[in-house]
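A short worksheet on the structure shown next.
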Ligand SMILES: NC(=O)c1ccc[n+]([C@@H]2O[C@H](COP(=O)([O-])OP(=O)(O)OC[C@H]3O[C@@H](n4cnc5c(N)ncnc54)[C@H](O)[C@@H]3O)[C@@H](O)[C@H]2O)c1
Ligand SMILES: NC(=O)c1ccc[n+]([C@@H]2O[C@H](COP(=O)([O-])OP(=O)(O)OC[C@H]3O[C@@H](n4cnc5c(N)ncnc54)[C@H](O)[C@@H]3O)[C@@H](O)[C@H]2O)c1
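Chains as they are written, first to last, in the working numbering: chain G, 6 to 211; chain W, 6 to 211.
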């Protein structure tokens, strides 16, 4: 099994390759990627070596080929259907972000607030929350984003999992109990701020 | 140096202790915390042992004492002044979230858009971006949140660091070059979605 931090760095390398690709660069050295991503040259080579032998010593990596290969490894080379649960502050910000650039297509949103049902934000319609399972299954959705209050998170996850979802990204600060081998990933904004607070304290203690 | 994952789990234990504290619970066993946070009992005990000997074998931990101690370790026992740069989709969602519950007080926001300058969101006033350094220093701000487009992230970080900031939490998907020993933490929403995509692919490959 690949360490999660390697996968995170692959995503960072991909972003750097996008920037170089736009400039028409055809060859990239591991040293260049390392510098753009603020990691060591040997780490870049080690990360990429998990996936086969790309570069020629001293010449560098063929950029379009490397980029295509990482997109494939991450499963980003095909469109993934996504739904969003909870059209509040965070949900609204997510509906307005261009996730399509990486082949994530948010095709529906759900909310319990009757005042939000029927709205269309950035081309995405809001449906009533009780239709979550039914539409997830009918539309063949793979990923569900949870942006509901913590007390509604498990219930919302259950509705998505009943609809056959494969992965969940949750913003609610509460652990979700997975079912049927569903993958759960978290974005914990408040926790990141608390870790930052600890690190600042730590610097002061030294 | 403490592993970052231990600090992340401390934040999770704190959330569980908050829930139990509201119910008036006075004693908590490591097994209970482990169950609420979906980790093993031995991991809870190992994490807490970094900070001294809290619990008595078989009796459990004194909840108010343990909670107070973790708040102290994380530096959450005193108010931390925060500013937000970029009042767009993400920035607006952050201004509306009750960070005060953990002693983070957002006291000012900054934006380059003249249409946003002068607005007051959730009691927080928006100032022009060129005042970032001056007000950060004058108000003695410790933490800066960056929610500007990627191409403006380094410049915004430089303004915060010139103003004497101690830590930065950035939502922009670009590595920031730190100066004067400033701590930088990231929230990478798009990267979390890409990691989720990889994990889903991985499950299919097995
Ligand atoms: N806003 C932030 O900066 C921030 C920071 C940290 C954590 N979070 C977490 O992210 C989540 C979303 O936060 P927010 O600020 O957008 O909250 P919010 O209150 O603005 O929005 C929540 C939305 O979910 C809807 N909802 C409630 N129950 C539902 C259900 N069962 N099914 C579908 N929709 C439901 C509500 O009608 C509302 O529109 C919360 O769990 C919060 O703790 C947010
Ligand atoms: N919205 C999302 O779901 C999401 C997802 C992933 C990543 N992000 C990242 O988070 C950041 C914020 O995203 P957003 O969707 O809120 O963007 P946005 O475009 O809605 O908001 C950006 C705000 O920053 C302001 N701004 C621009 N330059 C500035 C400067 N130099 N100083 C101060 N303010 C400045 C703009 O006027 C605008 O109000 C971006 O870097 C984006 O890539 C957002």
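Even for Gly, the Cβ is constructed at its ideal location relative to N, Cα and C. Here the structure is a predicted model, which means the values were calculated and not measured.
- Residues of chain W with a Cβ closer than 7 Å to the Cβ of residue 20 (chain G) are, in chain order, 178.
- Taking 9 Å as the CB threshold, residue 53 (chain G) stays off the interface with chain W.
- Going by DSSP, residue 132 (chain G) is part of the beta strand (DSSP E) stretching over 129-133.
- When C-beta distances to chain W are compared with 7 Å, the residues of the region 178-200 of chain G below that value are 178, 180, 186, 188, 190, 192, 194, 195, 196, 197, 198, 199, 200, in chain order.
- For ligand 1, the residues with a Cβ under 7 Å from any of its heavy atoms are, in chain order, G:90, G:91, G:92, G:93, G:94, G:95, G:96, G:115, G:116, G:117, G:118, G:121, G:134, G:152, G:153, G:154, G:155, G:157, G:158, G:160, G:161, G:176, G:177, G:178, G:194, G:195, W:98, W:99, W:101, W:102.
- A straight-line Cα-Cα distance of about 30 Å links residue 77 (chain G) and residue 161 (chain G).
- Around the beta carbon of residue 55 (chain W), a 10 Å sphere encloses fewer than 16 other beta carbons of the protein chains shown; the residue is thus reported as exposed.
- Membership of residue 49 (chain W) in the alpha helix (DSSP H) is indicated by the continuous run 46-54.
- If you ignore the 5 residues before and after residue 31 (chain W), its C-beta comes within less than 8 Å of the C-beta of 67, 68, 69, all in its own chain and listed in chain order.
- Listed by position along chain G, the residues whose Cβ is nearer than 7 Å to that of residue 171 (chain W) are 205.
- DSSP places residue 203 (chain W) inside the alpha helix (DSSP H), whose first and last residues are 194-210.
- Nearest to residue 156 (chain W) by C-alpha distance, out of W:175, W:64, W:186, W:169, is W:175.
- Counting every other CB atom within 10 Å of its CB across the protein chains shown gives residue 52 (chain W) a total of 16 or more, marking it as buried.
- Residue state for residue 185 (chain G) is assigned as coil, using DSSP reduced to three classes.
- Straight through space, the alpha carbons of residue 107 (chain W) and residue 19 (chain W) are spaced by roughly 10 Å.
- Not flagged as an interface residue toward chain G: residue 90 (chain W), since no C-beta distance is shorter than 9 Å.
- By a beta-carbon distance limit of 8 Å, residue 197 (chain G) contacts residue 192 (chain W). Their separation comes to about 5 Å.
- Assigned with DSSP and collapsed to three states, residue 116 (chain G) falls in strand.
- Counting of Cβ neighbours within 10 angstroms places residue 204 (chain G) among the buried residues, the total reaching 16 or more.
- Rounded to whole angstroms, residue 153 (chain G) and residue 90 (chain G) show a C-alpha spacing of 6 Å.
- Here the region 135-148 of chain G lies against the region 163-170 of chain G, with 3 or more beta-carbon pairs under 8 Å apart.
- Taking 9 Å as the cut-off, the beta carbon of residue 16 (chain G) is found no closer than this to the beta carbon of residue 158 (chain W).
- Of the other Cβ atoms in all chains shown, fewer than 16 fall within 10 Å of the Cβ of residue 143 (chain W); this residue is therefore exposed.
- Judged by DSSP in its simplified three-state form, residue 191 (chain G) adopts strand.
- Contact annotation: in the region 145-163 of chain G, residues whose CB is within less than 7 Å of a CB in chain W are 147, 148.
- For residue 59 (chain W) against residue 74 (chain W), the beta-carbon gap comes to about 7 Å, under 8 Å, which counts as contact.
- A residue is called buried when at least 16 other Cβ atoms come within 10 angstroms of its Cβ; residue 147 (chain G) meets this threshold and is buried.
- At a beta-carbon threshold of 7 Å, the residues of chain W lying near residue 42 (chain G) are 180, ordered along the chain.
- For residue 79 (chain W), the nearest beta carbon of chain G is closer than 9 Å to its own beta carbon.
- Contact of residue 104 (chain W) with chain G by beta-carbon distance below 8 Å involves 195, 198.
- Interface annotation, residue 109 (chain G): in contact with chain W, CB-CB separation under 9 Å.
- At a cut-off of 3 residues, the continuous stretches assigned as beta strand (DSSP E) that sit fully inside the region 65-108 of chain G are 85-90.
- Interface with chain G (9 Å Cβ-Cβ cutoff): residue 117 (chain W) is excluded.
- A distance of 9 Å or more separates the beta carbons of residue 64 (chain W) and residue 150 (chain W).
- For residue 174 (chain W), the enclosing beta strand (DSSP E) covers residues 172-175.
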